[in-house]
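Protein chains: 2
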Amino acid sequence: MGFEEAPFDVVEASRRVWLERWDEPAAASGMAVYTAILRSYQLLADQVNDVVRAHDLTFPRYEVLTWLATDPDSSLSLSWISKTLRIPPATVTNIIDRLEDDKLVRRVPHPSDARTTLAEITARGRRVADEATEDLNASVYERIGLSEAKRNRLVDLLAELRAKGSEFDVERSGEVIEEVRLRQADHRRSASA
Amino acid sequence: MGFEEAPFDVVEASRRVWLERWDEPAAASGMAVYTAILRSYQLLADQVNDVVRAHDLTFPRYEVLTWLATDPDSSLSLSWISKTLRIPPATVTNIIDRLEDDKLVRRVPHPSDARTTLAEITARGRRVADEATEDLNASVYERIGLSEAKRNRLVDLLAELRAKGSEFDVERSGEVIEEVRLRQADHRRSASA
DNA sequence: GACGTTTGCTACGAGCTCGAAGTAATCTGC
DNA sequence: GCAGATTACTTCGAGCTCGTAGCAAACGTC
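Those protein sequence lines, which keep their order, are chains A and B.
Residue numbering for the first sequence is 1 to 193, as defined by the working numbering.
Residue numbering for the second sequence is 1001 to 1193, as defined by the working numbering.
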């Protein structure tokens, strides 16, 4: 799948070098954490990229498309996308340009604030998003080599790491997510009525 | 440090959407694992990049330089670098070009195989590598917000994930690392003799 | 209601990544 | 000892990221 086995575990090898050379256990373990995350990221990103590329997407384009597909209004402002997916504004512009070229998304002016523009998913975009997600689920996500219990432990440890590094607003996160879910539930109820 | 807090935890929010929409727990947990790794990677990479940039390096350049700095011969073949650091050959060429421009590394022909060229670290390169590492240790690695016990648990879980995804040769990894350490120990002994 | 500040987006450009094709050296099988 | 395959590296070019600068709309203050 686009990569070869390395001859040995680079994380473990570096950790030993660090312990011997820098004599500060916290530096060695921190380096190991970063290197392990980097390598794991590369391993999974390779697989994910292969899948989304088969649907004529890149991962950032797929990510944006998926958030649009699950939004009750089918549209999000470019600045919201930039903030929550942590993509610089100039990059968001480029991503939406490409998605628009492929007719998966449409730019729409914001009804009350003329400064902001919304990206709205098209029917075609929704179809592509769903197909890509099913493929990703089956080809990558369900095949990660860890038991359900270990996946949860891993996600929890990374959540703590991110929270301590203030990657997201820990205080408000829970309620914001609840708000969003309520809006979605409302939307589904009224759509099926 | 170059990023703002997101309004909520994207990993947790996506996990809930997945559970409701795709009804396959393994897909939801796998997606959460990938997203958590991606976000953690971005969080730490931002910090790491800020530090190495202050030393006029990019992370891949720093990584190569560090491996050269700890090598007993102070030199590695470009193909070895490509394989073990998982960097495509064309990218290695570019990295070594830039390091050579900055006089941190020198290209040297391989003594017995005219096809392969070695990258050899210069005195200046060694100094830059050490300074950057001290800075990274103090500014990033020692400050990761997890206890020593949790760092170890995290690194172990990621090692299992990588091993199951055959990121490295599990069978041989241990002995290869031992070999390298013996060579390094030998080298130090003879250097101080 | 005018003025300075903030916010949201886009245009531009420099820099990086990496697939594909090309060149040169080496190895393999006969 | 030679033809064909393999290995190592480089060149080229397309595509992506993202910092910077710019513009327009909206907001806050007086």
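All C-beta atoms, glycine included, are put in the ideal place defined by N, C-alpha and C.
Just so we're clear, the structure is a prediction, and the values are computed from it rather than from any experiment.
When only Cα atoms are considered, Tyr-1141/B and Lys-83/A end up about 26 Å apart.
Contacts with chain A at 7 Å (Cβ-Cβ) do not include Val-1108/B. Rounded to whole angstroms, the gap between the alpha carbons of Thr-1116/B and Val-1108/B is 9 Å. Between Leu-136/A and Val-51/A a beta carbon distance of about 5 Å is seen, short of the 8 Å cut, so the two are scored as contacting.
Here Pro-7/A carries a coil assignment [DSSP, helix/strand/coil]. Within the region 1044-1080 of chain B, the complete beta strand (DSSP E) segments at least 3 residues long are 1075-1077, listed from N- to C-terminus.
Secondary-structure assignment with DSSP links Arg-1107/B through a beta bridge to Ala-1119/B. One alpha carbon belongs to Pro-1088/B, the other to Gln-42/A, and they sit about 13 Å apart. If you compare the alpha carbons of Ala-1032/B, Thr-1066/B and Ala-1026/B with that of Arg-1124/B, the shortest gap goes to Thr-1066/B.
Sequence-distant Cβ neighbours of Ala-28/A in its own chain, meaning closer than 8 Å and more than five residues away, are Arg-15, Trp-18, Leu-19 and Trp-22. If you draw a straight line from the Cα of Phe-59/A to the Cα of Ile-95/A, it comes to about 10 Å. Chain order gives no chain A residues near Tyr-1062/B, where near means a beta carbon separation below 8 Å; the closest approach is about 12 Å. Just so you know, the alpha carbons of Glu-1134/B and Ala-45/A end up roughly 29 Å apart. When the beta-carbon positions are compared, Ala-1132/B and Tyr-1034/B stay at least 7 Å from each other.
Comparing C-alpha distances from Asn-152/A to each of Glu-1148/B, Leu-1161/B and Ile-1144/B shows the shortest one belongs to Leu-1161/B.
Taking a Cβ-Cβ cut-off of 7 Å, the neighbours of Gly-165/A in chain B comprise Leu-1043 and Gly-1145, given in sequence order. With respect to the 7 Å criterion, Val-64/A and Leu-78/A are not classified as neighbours on the basis of their beta carbons.
Listed along the chain, the chain A residues whose CB falls inside 8 Å of the CB of Glu-1005/B are Ser-166, Glu-167, Phe-168 and Asp-169. Nearest Cα to Ala-1163/B within the set Arg-39/A, Ala-26/A and Gly-30/A: Arg-39/A.
Across the structure, Leu-1057/B and Lys-150/A are spaced so that their CA atoms are roughly 36 Å apart.
Rounded to whole angstroms, the separation of the alpha carbons of Pro-1007/B and Ala-1069/B is 42 Å.
At a cut-off of 7 Å between beta carbons, Glu-148/A contacts chain B.
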